[in-house]
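Contents: one structure, followed by commentary.
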Amino acid sequence: MVLPFDGLGPLWDGINPHLIATIYEVDHVGEQLDDSPLVRCLFVDDANLEATLNWQSPFDGAGPEARAPTLAAMLQSGAIQPIAERLGDDVGGATREVSETARGRTGITKLNSTQVFSGMPPVRLQATIMLRAWRDPGAEVEAPLDQLMRWVLPQFLAPEGTLLTAALDWYQRGERDVNGFIEAAMPSAAPSLLAVRYKGRTYAPMVVENIGVPLNSPSDRFGRFVQIQIPVTFSTLTALDRHDWDAMKGVP
44 MVLPFDGLGP LWDGINPHLI ATIYEVDHVG EQLDDSPLVR CLFVDDANLE ATLNWQSPFD
104 GAGPEARAPT LAAMLQSGAI QPIAERLGDD VGGATREVSE TARGRTGITK LNSTQVFSGM
164 PPVRLQATIM LRAWRDPGAE VEAPLDQLMR WVLPQFLAPE GTLLTAALDW YQRGERDVNG
224 FIEAAMPSAA PSLLAVRYKG RTYAPMVVEN IGVPLNSPSD RFGRFVQIQI PVTFSTLTAL
284 DRHDWDAMKG VP
């Protein structure tokens with residue numbers, strides 16, 4: 044999908060379009076909403092896509108080193124030899140023979156060192172958004188900044204309410220359907236889901252986990268920011284698989 048080259052943000056004339064990040068609102072499957080504005084910005088400093096893959100060794104500790112670590116270490120290193128010499132010929136001889144056999148051996152095997160994939164959290168995209176005014180700070184910096192904050196903050200927070208009061212409100216309405224109870228029990232609206240298009244890849248749907256607004260950024264005489272760098276952490280709504288990665292580049 045090719046997005047129109049317009050929207051909120053500075054005039055990035057002369058810059059390769061692939062270096063301009065485009066952010067817009069999507070639904071839960073990553074499709075752009077018809078009325079969503081576009082925020083065009085640059086990613087400065089490091090823009091890092093981080094995927095954490097949880098591999099664990101469930102068989103670790105199945106060997107003798109975990110059951111009797113001191114004895115196993117003494118056998119492997121030969122440190123049990125002085126003890127064997129004090130036990131006399133009968134017991135000591137057998138102990139010395141066992142010590143020589145165990146020297147340099149280990150209980151680690153391919154089985155008890157095998158890792159298994161136990162899951163992964165959503166993929167995170169950490170970047171620093173830069174907005175800079177060339178002509179109009181209000182349109183090029185303030186407007187896209189306001190739009191970003193509208194997206195990342197909850198759409199609506201109910202002033203009050205508990206499950207008990209929600210049940211009472213639902214009961215008093217008269218129309219006691221399931222949808223009405225859900226609306227009464229969860230009266231607030233979560234933040235928007237976003238898409239980030241950058242260098243030919245579209246990451247969607249995503250949420251914003253962290254965002255910072257440096258208030259000491261340069262401003263004009265009216266207090267409007269003329270340049271601002273916004274650290275932000277995006278996160279995919281779910282964990283990704285190889286098909287999701289291919290879909291980011293438009294590969295069927």
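Using this note's numbering, the final residue of the sequence shown is 295, and nothing's skipped along the way.
A virtual CB, placed ideally from N, CA and C, is assigned to each residue, including glycine.
Straight-line Cα distance separating residue j from residue i
| i | j | result |
| --- | --- | --- |
| Leu200 | Met229 | 10 Å |
| Phe86 | Asp77 | 25 Å |
| Ser161 | Ala94 | 14 Å |
| Tyr247 | Ser262 | The amino acid occupying residue 247 in the given sequence is Ala; Tyr does not appear at that position. So the two alpha carbons sit approximately 33 Å from each other. |
| Leu237 | Leu81 | 10 Å |
| Ile266 | Ile254 | In the sequence as displayed, the identity of residue 266 is Gly instead of Ile. About 21 Å. |
| Val251 | Arg264 | 31 Å |
| Gly293 | Thr245 | 8 Å |
| Gly50 | Glu183 | 10 Å |
| Gly181 | Gln75 | 26 Å |
| Glu226 | Ala232 | 10 Å |
| Pro187 | His286 | 32 Å |
| Ala240 | Gly73 | Checking the sequence shown, residue 240 turns out to be Arg, not Ala. Arg240 and Gly73: Cα-Cα distance of roughly 12 Å. |
| Gly243 | Ile151 | 46 Å |
| Leu280 | Trp98 | 21 Å |
| Val256 | Met291 | 28 Å |
As assigned by DSSP and simplified to three states, the class of residue i
| i | result |
| --- | --- |
| Asp77 | coil |
| Leu174 | strand |
| Pro274 | strand |
| Val250 | strand |
| Gly135 | Per-residue confidence for Gly135 stands at a pLDDT of 48, beneath the threshold of 50, marking its modelled position as unreliable; no derived number is given. |
| Glu203 | coil |
| Ala182 | helix |
Beta bridge counterpart(s) of residue i as assigned by DSSP
| i | result |
| --- | --- |
| Phe160 | Trp98 |
| Asn259 | Paired residues: none, contrary to the question. |
| Arg240 | Thr65 and Thr245 |
| Phe265 | DSSP output for Phe265 lists no bridge partner at all. |
| Leu85 | Ile63 and Met173 |
| Arg193 | Answer is none; Arg193 lacks a bridge partner. |
| Arg167 | Glu93 and Ser278 |
| Leu51 | Val82 |
| Ala232 | Phe199 |
### Task
State whether the stretch 159 to 174 contacts the stretch 264 to 279, with contact taken as three or more CB pairs (one from each stretch) at a distance under 8 Å.
Yes, the stretch 159 to 174 is in contact with the stretch 264 to 279.
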